[in-house]
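Protein sequences appear in the order of chains A and B. Numbering-wise (the numbering used here), the first sequence opens with residue 13 and increments by one. Numbering-wise (the numbering used here), the second sequence opens with residue 13 and increments by one. Just so it is clear, CB atoms sit at the ideal spot from N, CA and C, and this is done for glycine as well.
Protein chains: 2
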Amino acid sequence: MSDEAPWLDDEEMAAWLPLIGLVMRLPGALDHSLRRDVGLSHFEYGVLAVLEQAEDHTMRMSDLAYLCNGSLSRLSHVARRLEGDGLLRRYACPTDGRSTLATLTDGGRELLGNAAPGHVRTVRSLIFDELSRDEVRLLGDMAERIVARIQDQ
Amino acid sequence: MSDEAPWLDDEEMAAWLPLIGLVMRLPGALDHSLRRDVGLSHFEYGVLAVLEQAEDHTMRMSDLAYLCNGSLSRLSHVARRLEGDGLLRRYACPTDGRSTLATLTDGGRELLGNAAPGHVRTVRSLIFDELSRDEVRLLGDMAERIVARIQDQ
DNA sequence: TCGGGTTGCTTGATGTATCAAGTAGTGAAG
DNA sequence: CTTCACTACTTGATACATCAAGCAACCCGA
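Encoded structure:
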């Protein structure tokens, strides 16, 4: 399709501008409320939250980076800080010497437990209180398809 | 609504994760293709694009910052770089000495003209080729409502 | 006309993301 | 058993965003 249609038409533009507004403003809004409440960036919160769900609260750095929507390099820097703050620990993978495993500490789980309710409230008030059930479903579906496009770009 | 429901349910979570993926990955994807093609970040491109649409290709810095979804401080730093590259000029507003007006130079318009077709292709291939007309409309509508929530937070 | 508050913008310091390069472990072909 | 390519991760340099502070210009009431 993209070999024709060199410009966005009015309807597309009317969707594109708010969409750009969303992707540019939402991360900042989430960062801001998390930073204020518990001193974490949204990315850092995501790292802890993904680890919390993982088996033994432990995961390979690469898998973690993928699930957190960030590069391995970014995760590596962030993990160093979080480790310095005692929120997670890293250690060599016993079965593959190249891999590093990250695991939540008790302190990390505790901080996450303190952070989560407020964060959920923020997310609810920004997103889900504004959308109907059907809209939520469709939004998730569209986002998933767009992310897939980004990935196999 | 947000005084009850302390957690996201499965359906909400199934929408939330892809939405986070979208807002975290799309800016990077746009940055990357614009940087590669014309050496601009997506934010810088946005600044030029908004000025292009403006009357006389000129706008107050604060208005520009708002339309570009960024802080005035961020815009000020970016404008200094863009001015250094000869893509825009800044000068004092004649009717209000506090305000600064930014205007596109010919070089800026030319660069934007070179950048736009490729950028539109990227946006098309990532977003609009994947969505139906109805979906596009609804996505824009939802994004607009969410952005409104973020703004009057 | 002068003081206090506000608005518009810039700047410098700090923190963080990104990129390229580097190290080390692994697997597999010869 | 050695070499070569690949994978997983880290690191350091650079670029950028953010925050707090600062400085004028403006506005308005006394």
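Residue i, buried or exposed, once every other Cβ within 10 Å from all chains shown has been counted against 16
i              : result
residue 84(B)  : exposed
residue 126(A) : exposed
residue 36(B)  : buried
residue 25(B)  : exposed
residue 22(B)  : exposed
residue 57(A)  : buried
residue 80(A)  : buried
residue 104(B) : exposed
residue 136(B) : buried
residue 77(B)  : buried
residue 89(B)  : exposed
residue 13(A)  : Because residue 13(A) carries a pLDDT of 48, less than 50, the predicted location of this residue cannot be relied on, and the following value inherits that uncertainty. With fewer than 16 Cβ atoms within 10 Å of its Cβ, residue 13(A) is classed as exposed.
residue 51(A)  : exposed
residue 160(A) : exposed
Selection from the options that minimises the alpha carbon distance to residue i
i              : options                          : result
residue 130(A) : 45(A), 113(A) and 102(A)         : 45(A)
residue 238(B) : 109(B), 86(B) and 107(B)         : Chain B is shown from 13 up to 165; residue 238(B) falls before or after that span and cannot be answered.
residue 91(A)  : 71(A), 39(A) and 27(A)           : 71(A)
residue 65(B)  : 115(B), 119(B) and 42(B)         : 115(B)
residue 49(B)  : 20(B), 147(B) and 124(B)         : 124(B)
residue 27(B)  : 149(A), 163(A), 68(A) and 162(A) : 149(A)
residue 151(A) : 34(A), 47(A) and 18(A)           : 34(A)
residue 164(B) : 128(A), 74(A) and 134(A)         : 134(A)
residue 153(A) : 29(B), 122(B), 20(B) and 18(B)   : 29(B)
residue 3(A)   : 18(A), 63(A) and 107(A)          : Missing from the structure shown is residue 3(A); chain A here goes from 13 to 165 and no further.
residue 20(A)  : 147(B), 146(B) and 128(B)        : 128(B)
residue 109(B) : 73(B), 47(B), 144(B) and 18(B)   : 73(B)
residue 69(A)  : 132(A), 102(A), 106(A) and 18(A) : 102(A)
Those residues which DSSP pairs with residue i across a bridge
i              : result
residue 114(A) : 71(A) and 102(A)
Any chain A beta carbon closer than 7 Å to residue i
i              : result
residue 50(B)  : no
residue 142(B) : yes
residue 33(B)  : yes
residue 36(B)  : yes
residue 138(B) : yes
residue 148(B) : yes
residue 64(B)  : no
residue 121(B) : no
residue 114(B) : no
residue 77(B)  : no
residue 41(B)  : yes
Beta-carbon spacing of residue i, residue j below 7 Å
i              : j              : result
residue 155(B) : residue 31(A)  : yes
residue 98(B)  : residue 117(B) : yes
residue 67(A)  : residue 157(B) : no
residue 82(B)  : residue 100(B) : no
residue 162(A) : residue 41(B)  : yes
Chain B contact for residue i (CB, 7 Å cutoff)
i              : result
residue 13(A)  : Because residue 13(A) carries a pLDDT of 48, less than 50, the predicted location of this residue cannot be relied on, and the following value inherits that uncertainty. Answer yes: the Cβ-Cβ gap between residue 13(A) and chain B drops below 7 Å somewhere.
residue 106(A) : no
residue 81(A)  : yes
residue 161(A) : yes
residue 101(A) : no
residue 154(A) : yes
residue 91(A)  : no
residue 26(A)  : yes
residue 60(A)  : no
residue 157(A) : yes
residue 151(A) : yes
residue 110(A) : no
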